[in-house]
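Visitor: Those protein sequence lines, which keep their order, are chains U and Z.
Under the numbering used here, read the first sequence as residues 1425 to 1537, first letter to last.
Under the numbering used here, read the second sequence as residues 16 to 130, first letter to last.
All residues carry an ideal CB built from backbone N, CA and C; glycine is no exception.
I'd like to ask some things about the structure below.
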Amino acid sequence: GESVGLHLPTLSVQEGDNSIINCAYSNSASDYFIWYKQESGKGPQFIIDIRSNMDKRQGQRVTVLLNKTVKHLSLQIAATQPGDSAVYFCADDGSSNTGKLIFGQGTTLQVKP
Amino acid sequence: DTAVSQTPKYLVTQMGNDKSIKCEQNLGHDTMYWYKQDSKKFLKIMFSYNNKELIINETVPNRFSPKSPDKAHLNLHINSLELGDSAVYFCASSQEGQGVHQPQHFGDGTRLSIL
């Protein structure tokens, strides 16, 4: 079956360092990929997305990289801040055009002051 | 001016009861979703509606019945609640016109606890 997973359940970084959160997906036909941040007691918050016709996309302090050859997605956060502490989810559309997203299990990012 | 709002935020009830969760979005989106997040934070889609039409209906017990009175609202009714229904339920919305994916925007969740 389809699955989207993350390599590490918890990532601990020093404030000011860069963070890299990784994700593997299984459906080579997936066309749309998205990262969410979820803080305690809140809903997932959209960070950045990318389509399969791109391999890199940048936002404010964040970059998403897509490697379709090895079915790998990563989120890079520059100059990590305490406010970045949260659970991060990757998701993909599993080649569906219905809007369905398949979520990974989440990586907890802990930022040490 | 909350974009996707759900009520109630917390719901504590006994096994066997029937309850509803309401969701409203003011983003003008045409598609709304319900997700379930379990205790391990795994998020799984349950349903989606596009302009009041059911689009996604995952393998969910028929005790769960979504209702969309208009494209800005998607409510979730649950009959005969069971212990395993305890979870956080999230509503989301997006603009999915013409099959082009757009980001889904989530509410802050309803934490359902079954006693």
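(1) Report yes or no: do the segment 31-46 of chain Z and the segment 86-104 of chain Z share at least 3 C-beta pairs separated by less than 8 Å?
(2) Is there at least one Cβ from chain Z nearer than 8 Å to Thr1522(U)'s Cβ?
(3) Any beta carbon from chain U within less than 8 Å of Gly124(Z)'s own beta carbon?
(4) Counting only runs of 3+ residues fully inside the segment 29-61 of chain Z, write out the beta strand (DSSP E) ranges in chain order.
(5) Could you give the first and the last residue of the continuous beta strand (DSSP E) run that contains Lys1461(U)?
(6) If the cut is a Cβ gap below 8 Å, which residues of chain Z does Tyr1456(U) touch?
(7) According to DSSP, is Pro1506(U) part of a helix, a strand, or is it coil?
(8) Can you check whether the CB of Val103(Z) is closer than 8 Å to the CB of Arg126(Z)?
(9) Give a yes or no on whether the minimum CB-CB distance between Glu111(Z) and chain U is below 8 Å.
(10) Kindly indicate the opening and closing residues of the beta strand (DSSP E) around Val1535(U).
Guide: The relevant details are as follows:
(1) yes
(2) Here the question's residue 1522(U) lines up with position 98 in the first sequence. Yes, its Cβ sits closer than 8 Å to a Cβ of chain Z.
(3) Against the second sequence, residue 124(Z) aligns to sequence position 109. Closer than 8 Å: yes.
(4) 34-40 and 46-52
(5) As a working mapping, residue 1461(U) is identified with position 37 in the first sequence. Taken as a continuous stretch (DSSP letters only), the beta strand (DSSP E) holding Lys1461(U) covers Tyr1456 to Gln1462.
(6) The sequence position of residue 1456(U) within the first sequence is 32, counting from 1. By Cβ distance, chain Z contributes His116.
(7) Residue numbering aside, residue 1506(U) sits at position 82 when the first sequence is read from its first letter. DSSP places Pro1506(U) in helix when its eight states are reduced to three.
(8) On the second sequence, position 111 is the one that residue 126(Z) refers to. On the second sequence, position 88 is the one that residue 103(Z) refers to. Yes, the Cβ-Cβ distance between Arg126(Z) and Val103(Z) is below 8 Å.
(9) By one-based count along the second sequence, residue 111(Z) stands at place 96. With 8 Å as the cut-off, Glu111(Z) counts as an interface residue toward chain U.
(10) For this step, residue 1535(U) is matched to residue 111 along the first sequence. Residues Thr1531 to Lys1536.
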